[in-house]
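Worksheet: the structure to be examined is printed underneath.
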Amino acid sequence: MHIKVKLAYFENENDNSSFFPHSWLNYKKKRDDFEDMLEERRNSSDLRYALKCYTPVLYKGLTPCKVSELKQMVLQSDQLGYVITQVSKEKGVTSDEVTGEAAAILEEMAQRLQLSTVRFFAFTLSKVFKTLFRSICINEEGLQRLQQAIHNHPVVLLPSHRSYMDFLLMSYILYTYDLALPVIAAGMDFMGMKVVGEMLRMSGAFFIRRSFGGDKLYWAVFSEYVKIMLKNGYAPVEFFLEGTRSRTAKSLTPKLGLLNIVMDPFLKGEVFDISLVPVSISYERTLEEALYARELLGVPKPKESTSGLFKARKILSEDYGSIHVYFGQPVSVRSLAESRVNRSQFNLIPRHIPTRPSEEILSFVNDSAYRLVRAQEENMVLKPWVLLAFVLLQKQAAEEKQGTALDELTEQAVWLRDLSRQYGAFLHWPDHIPPSEVVSSSLSLHRGLVRISEGRAVVILSCASYRNQALNVFIRPALLASAIHTAASNRKQEIYNSFSFLRNMFSNEFILCPGATVQDFEEACYLLVKTGTLQINQQEVLITERGHRTLAFLTSVLDPFLQGYQVVCRFLCEQDGLTEKQFIPAVRKFIIKHLLTGSLLKCRLRYTEVLSSDLQKNALAALIRLGAVQKIKGYVGFTHLHVHNKVETTKLLFIYF
Amino acid sequence: TFKSNPKKQEIMKWNGWGYSDSKFLYNKKGQAEFTGKRYRLSGMIIPGLREWMESTFSANLQHKTPAAPILNSSAVQPPTLNEAFLKELKSTGIPFSHDAEDRVFRSHGHCLHEIFALREGKIGRVPDLVVWPNCHNDVVKIVELACKHNVCLIPYGGGTSVSSALECPPEETRSIVSLDTSQMNRILWIDEKNLTAHVEAGIVGQDLERLLNESGYCTGHEPDSMEFSSLGGWVATRASGMKKNIYGNIEDLVVHIKMVTPRGVIEKSCQGPRMSTGPDVHHFIMGSEGTLGVVTEVTMKIRPMPEYQKYGSVVFPNFEMGVACLREVARQRCAPASIRLMDNEQFKFGHALKPQVSSIFTSFLDGLKKFYITKFKGFDPNRLCVATLLFEGDREKVLQHEKQVYDIAAKFGGLAAGEDNGQRGYMLTFVIAYLRDLGMDYYVIGESFETSMPWDRVLDICRNVKARIVRECKDKGVQFPPLSTCRVTQTYDAGACVYFYFAFNYRGLSDPVHVYEQVEHAAREEILANGGSLSHHHGVGKLRKEWMRESISSVGMGMLKSVKDYVDPNNIFGNRNLL
């Protein structure tokens, strides 16, 4: 039954014409219960646990093979053979040399999954986790579904990515529950950590270079390696759709390369189906909390190194609350592609010849990626602190320097709790404890951040990253609220136009499925009508008496981003010829200046978080996408930014003041 | 009223496959047996069949679904006769009939839905009249009259179609005349210098072979339906024979064709073995599925009968190895007259059809073989599969050829498994259609369908189509796991032909035929999505015509349409197949 709801949802998403899409079926969906996996660790021997008998359920079509055989299969594959011949012709070297090169790439890349290493990690991580976290909660039903999925089809695990911890945690969970251990696509940066890099390799990580743009051979080795492991059911393949850790706790717009690769065997008929399993990992406190904020402010990311890891030991003395890991409903690639992709397009070219994916395939993969990220978002557990962060940040922006009375804070948090529940948030609010206690205990866990009235940027950005965890719950209603706020009249069409403009502007910032403007609008309308905020008739949108508070809150959700984009516009308009590299430092300097003088366009620059380089980059990307700013390759090879279309830019600048 | 060729209609079932005297049944002891005297299996007890049926389909002998025993003539719509046509037809002296039984017999092929309806006594639109031309000139007269009086003609040969090609279009309002070619069944001449024979197109396969054999020749064209299918039908559907590796498919065998169309008679002016005279007009005829005219006479290649025949079989550890072996055999172009590879389910099925063994020694030997293969060689009985082989030619060459093929097989882990298994494999071909009738007596329905594909996609298509069938059955509410199995039946330089067999127990379903059709539809979609063809030799008929445009492109459709429009502007040959 559950699967059917999910599939109906996916199918309906394609249908732009449907007036009321069924996506809110999800809001009513029952989510599984959680079990704390650390509880047993606290009550029984870690050593015995690390040495336990491990016999996972495997893929039914598995032909067992060793790590070394896997490499041979890649090197002998028709796909790689074709590219090797091509490259050797192009470069005028013998194919043996190219094969050698391919073997070296593979050597650098390949995982060497070893049960003994996993057992070592199981032991040490047990110790570490028990010190750091109060609990690690898992939905066990999700694991049962995963086990079934692994048995039936090749599986791809798609966890959200908020911390370095994510993939160790994933393997740790799978080991604990006797599930097949995954192989994990990891960035090359880990390889710098000598011992640790090798240990990670032996626990299933394989390493890919961050960029290999035009390198055909590298791409061929890499994609063939992944496909062979997947097709043969060697192990579940795990990677991060978002490509990198989200520093802001907002989901990042998905990267398509790997998803494209893992869908390929299905599209080309090499397997009957592939299961994609979105996994939502929610941290009450991320280990990297302050690190991320500094990074966003321009303090460079420390290079991953083993010694750095030891320096990080001091975090061991802190309390990081609990982790919730939710294994979502497996999504069948076959059902995603049904009546969407014409698979016979692959009939006329031998399948081992690499071809550029067609527009149809690209847009299919892109849409699927967005849906999967949304599936991750929907099952992210939100702690009370996330809601408190909303309230505190909005107060801080409103310059209530005196701090907030606990009573008032509690009242607002409870109000927000009810609102977010109505919007379908997966809120972990202990209802049996009085709200005031919930609030004070949340505050005490995050005491480092609570005195935010000082307005220190690092603290604000850390705080914002908690608030961001719930943005996906509010984003569509917030876009609608802002649209109502700025539209010239309450005519529905006008508000829709305004909504569409804002949504388009922010599609680099938030997860907004491409081409789904109508659905998003309908969904937002539905939620605001359902909760009694709006009344909508054929032509008009009316705000109800009690709707003003909700609307004010929702408008302020988007405010920091609006202001951030405006600042960037303003900055760009004042510039003449700027290279892309100079952009971030220059815009930062510009913002700091205005923060200090406290004014911009006769308006107060209220949001310290506009200092976030993430926001600045997204704003620039959006402006380039919309054609307001153009990239021009200068003769020295620098890419210059050029304000191209002042109209669009100015619209953004002024319309919202 | 003229009684149709008594040799045929009166000895054959009206609502099932084949001869009336041959069928599977469960005797009083509950053992399966095959009745009659016509086949090697006839009169034998098949001890394993019951258990196989019970375990494969969860079928139960207590739950019977018997067929309506006799045709209820009152269920047949009275004929719509074109009196003017009838009057002129009478004056030609060509025999005809509008007897209900004659009309119903020619109203269908052997698709599941057709037979299922007959068993339930349901009769849809049937031809209004049956005519039996005796020669080419009779056909010319009939076609002229049909054009003159705007009557719809549907040519009928052996009636073994599995593409709904013989179904009368329900929307047809004209009088429909079934043109039965069965009386045109003579070999007109044999030319031993050129090794050709000129034959009337109504002759059925087994008669053609028997008559040629009397002169020491054969055509070598042996489609699985050859007991009943006709030469004209082969030409009209682009048929393929089991031994095409030696003799070729129908397009390779045909030298000259004569066809009567509404525009007149089409034929070439000479019998040259190959011509460069524009696109080959024979290829408009072959595969035209009765939409352009009636094939009346065909000149075919003939060969001296082979001196020696030998069956054989090879067991492989799994299907993948088997396919790899067939591919290698095709690469070396050393395929025997026939080479087929059954998957594991079909191997087990074949095993279940083993007749009761007569001596303790044979059963001891069987046990020993089984022990050798599974225990000593370590083959997994749930994965192994078997290839059946048929060699033909002069004795010495056959033995040499045999060695070559077994040597290749050995490289792919294949073990020679004896002549007997091979021969039984081919016998299965002829009795499997009878088995469907047995299944239908016990809530089991099924059918086979075929496709062709490049070599590199054989395994993928086999796996995906079988899995799709299982999944669709589940989704459509089938209560028991279906039988979903396949075999590779032909090899070519660039690919292979694969047959799928699919059957399920339909207890608990209100409309089993509809479910069956949905699943077959999905399976065909899967085949096309994975790079298989719409059909290798069954043809398109009406069953598969929805996919024609995507199969041959819009321009291709336009080409075929314009030929139809020129040859038959008034759609006299109105069976609505293909386009």
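These protein sequence lines map, in sequence, to chains A and B. With UniProt numbering as the guide, the letters of the first sequence map in order to residues 1 to 657. With UniProt numbering as the guide, the letters of the second sequence map in order to residues 1 to 579. Cβ atoms here follow ideal geometry from the backbone N, Cα and C, with glycine treated the same way. Since the model is a prediction, treat every value here as computed from it, not as a measurement.
Can you list, in chain order, the residues of its chain with a C-beta nearer than 7 Å to that of residue i? Leave out the 5 residues immediately preceding and following it.
i: A:G455; result: Here A:G455 scores only 49 on pLDDT, less than 50, and its place in the model should not be relied on; the value that follows carries that caveat. Only Q396 and T608 meet the Cβ criterion.
i: B:G322; result: F316, L341, C385 and A387
i: B:K561; result: L579
i: A:V438; result: P384, W429 and P430
Use the C-beta contact count for residue i: other C-beta atoms within 10 angstroms, 16 or more gives buried, fewer gives exposed.
i: B:F371; result: exposed
i: A:K194; result: exposed
i: B:Y506; result: buried
i: A:P585; result: exposed
i: B:W189; result: exposed
i: A:S444; result: exposed
i: B:C325; result: buried
i: A:Y635; result: Here A:Y635 scores only 46 on pLDDT, less than 50, and its place in the model should not be relied on; the value that follows carries that caveat. Answer is exposed; the Cβ neighbour count stays below 16.
i: A:N43; result: exposed
i: B:M275; result: exposed
Do residue j and residue i come within 8 Å of each other at the CB atom, strictly closer than that value?
i: residue 585 of chain B; j: B:P306; result: The shown model of chain B, from 1 to 579, leaves out residue 585 of chain B, and the question about it has no answer.
i: A:F207; j: A:E108; result: yes
i: B:Y434; j: B:K23; result: yes
i: B:E200; j: B:N185; result: yes
i: B:P317; j: B:G425; result: no
i: B:P355; j: B:L86; result: no
i: B:A239; j: B:H537; result: yes
i: A:A405; j: A:P435; result: no
i: B:C152; j: B:E172; result: yes
i: A:C137; j: A:I323; result: yes
i: A:S462; j: A:A290; result: yes
i: A:L267; j: A:A185; result: no
i: B:V498; j: B:P481; result: no
i: B:I94; j: B:D138; result: yes
i: B:A496; j: B:W547; result: no
i: A:Y225; j: A:A110; result: yes
i: A:G243; j: A:K255; result: yes
i: residue 739 of chain A; j: A:P182; result: Not covered by the structure: residue 739 of chain A. The range shown for chain A is 1 to 657.
i: A:T531; j: A:Q422; result: yes
i: B:L129; j: B:L71; result: no
i: A:G233; j: A:L62; result: yes
i: A:L179; j: A:P330; result: no
i: B:D441; j: B:P66; result: yes
i: A:R491; j: A:Q539; result: yes
Since residue i contacts residue j with CB under 8 Å, what's their CB separation in whole angstroms?
i: B:V76; j: B:R103; result: 7 Å
i: B:N570; j: B:C147; result: 7 Å
i: B:S313; j: B:A417; result: 4 Å
i: B:S230; j: B:V204; result: 5 Å
If you drop the 5 nearest sequence neighbours on each side, which residues of the same chain put their C-beta closer than 6 Å to that of residue i?
i: B:Q309; result: E392
i: B:I45; result: Q31, E33 and Q356
i: B:H198; result: L188, W189 and T299
By Cβ distance below 8 Å, which residues in the same chain neighbour residue i in space, the five residues on each side in sequence not counted?
i: B:Y566; result: R263
i: B:F347; result: L384, C385 and V386
With 8 Å as the threshold, decide whether the Cβ of residue i is near any Cβ in chain E.
i: B:N382; result: Chain labels in this structure do not include chain E; the protein chains are A and B.
Verify the contact flag: residue i, CB atom, against every heavy atom of the ligand NAP, threshold strictly below 7 Å.
i: A:L169; result: This structure does not include the ligand NAP; it has no bound ligands of any sort.
Determine contact between the stretch 383-391 of chain A and the stretch 271-280 of chain A, defined as no fewer than three beta-carbon pairs at a distance below 8 Å. no
Given 8 Å as the limit, is there contact between the stretch 230-249 of chain B and the stretch 336-345 of chain B, that is, 3 or more CB pairs closer than that? yes
With a threshold of 8 Å, are at least 3 pairs of Cβ atoms found where one atom belongs to the stretch 32-40 of chain A and the other to the stretch 111-118 of chain A? no
Could you tell me whether the stretch 608-626 of chain A touches the stretch 500-514 of chain A, where touching means 3 or more Cβ pairs closer than 8 Å? yes
Three or more C-beta pairs under 8 Å: does that hold for the stretch 50-64 of chain B against the stretch 114-130 of chain B? no
Across the stretch 548-566 of chain A and the stretch 462-479 of chain A, are there enough close Cβ pairs to call them in contact, namely three or more that are closer than 8 Å? yes
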